[in-house]
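Here's the structure, in structure tokens; my notes come after.
Residue numbers (UniProt numbering): 1 to 292.
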């Protein structure tokens, strides 16, 4: 079999198999790097206060890098556009958020979580106070006359709207901060630009507690699908060499079978076989012996 392997035909076939195996190995290495890269935690400067427009754009998607970023923006709160959001934890305590409608300097709308209260009555009292304070901050109700405010807080992506439990309580209660749902409740909101996220105010409004907004922790795990693909490419690389070996082995077996068939055909035709000749006929002394 070794003599068969060193024939030019099979040497070229081996080189081709090794080239294919090398290509598969490169693909497997790439998949492994992808799996490792997906498990690396990228450090983010979320606590560096950044202008809101540099982090995310109104009417645009919320990227992962924008989630949890501390932002700042100027604008004003819209009078009367406060909503109560239930089922909100502050630490380990369940309570309520008061969420307001904030309009930035460029006219875009964004929801702002103003603070938290454990008791619903306290939350509603703070909501009413905020609504009254917003009214007194205007001269004639025109948006241009709202008192300007600089807002600083953590930007978070909007939550999906959730149907309230009609049997358990208020059918109009809200338990998620959903911009898609809030814009339907904001007064005089038509087709203005809106952020698909909200800001958790770094300071609490009067009568409310500061909302617990910890630094976001990004947990990454190895991408096992990429690891599976890497193993799969390694198997393919080994299989390429194995196919070459099987082809050589099959060629050797075919040659042996052909030789055996040729010997059998010769024996059937009556040609003497050297192995079957008498030993005396092969002895040198009898090479020129006279015929009897």
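Beta carbons: idealized from backbone N, C-alpha and C, even for Gly. Just so it is clear, the structure is predicted and the values come from calculations on it, not from any experiment.
By DSSP's assignment, residue 52 forms no beta bridge with any residue. Restricting attention to beta strand (DSSP E) runs no shorter than 3 residues, the stretch 208-232 encloses none.
The beta carbon of residue 130 is closer than 7 Å to those of 82, 98, 100, 114 and 205 in its chain, skipping five residues each way along the sequence.
With respect to the 9 Å criterion, residue 215 and residue 35 are not classified as neighbours on the basis of their beta carbons.
Under DSSP, residue 88 takes part in a beta bridge, and its partners are 95. Around the C-beta of residue 201, 16 or more other C-beta atoms lie within 10 Å, and the residue is accordingly described as buried. Here the alpha carbons of residue 194 and residue 108 stand approximately 5 Å from one another.
In the structure shown, residue 181 adopts helical secondary structure according to DSSP, grouped into three states.
Between residue 111 and residue 75, the C-beta gap is not smaller than 9 Å, which leaves the two residues out of contact. Boundaries for residue 148: no beta strand (DSSP E) harbours it, and the DSSP string shows neither H nor E there. In this structure residue 207 is in contact with residue 125, their Cβ atoms being roughly 6 Å apart against a cut-off of 8 Å.
Taken in chain order, the complete beta strand (DSSP E) segments of 3 residues or longer contained in the stretch 94-126 are 109-117.
Cβ contact annotation for residue 46 (same chain, cutoff 7 Å, sequence separation greater than five): 68, 69, 70, 215 and 216, in chain order.
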